[in-house]
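Engineer: So that we are looking at the same thing, I have put the structure below in structure tokens.
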Amino acid sequence: MKKTMLTVVLCGVMILGLTGCGKSTTEVSEAELNKVNNQIIEYFSSENGEYDNLSFNYVDLTNKKVVVGLIDNSKEQQDKFKKLVINSELIEFIKGENLIDYNNQ
């Protein structure tokens with residue numbers, strides 16, 4: 135009886151050890167999100183004129199993503215952004231609007 139109980143406990147521990155307890159081991163830190171967001175800001179602060187489709191970007195700590203709003207949110211424009219600016223799995227693309235800067239009119 136003791137061998138059976140010990141075997142069951144050991145198997146349970148091995149299964150939990152191999153599969154985990156349901157918690158993701160790839161937890162994204164706020165620092166990682168800020169690093170990606172800062173790279174986006176740096177690209178556009180350096181006056182690179184190659185990409186004019188960005189509407190906004192920000193860090194979403196709740197969903198652990200860097201949200202990037204594109205005026206044209208097509209797959210082609212997302213790929214262009216990834217090629218020119220930064221390619222990261224932490225980015226979530228959404229539809230943005232063409233913002234008007236009233237100060238520069």
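The opening position of the sequence shown corresponds to residue 135 in my numbering, with each subsequent residue numbered one higher. Even glycine gets a Cβ: it sits at the ideal position worked out from N, Cα and C. Since we're looking at a predicted model, the values are computed, not measured.
(1) Check whether the Cβ atoms of V200 and F190 lie closer than 9 angstroms to each other.
(2) For the beta strand (DSSP E) that D194 lies in, which residues bound it at each end?
(3) Contact check, L167 vs K198 under 8 angstroms by CB: the rounded distance?
(4) Identify every residue that forms a DSSP beta bridge with F227.
(5) Under three-state DSSP, which class holds V219?
Structural biologist: Judging by the given coordinates:
(1) no
(2) Following the DSSP letters along the chain, one finds D194 inside the beta strand (DSSP E) bounded by residues 188-194.
(3) For L167 against K198, the beta-carbon gap comes to about 7 angstroms, under 8 angstroms, which counts as contact.
(4) Under DSSP, F227 shares a beta bridge with V202.
(5) Under the three-state reduction of DSSP, V219 is assigned to coil, being neither helix nor strand.
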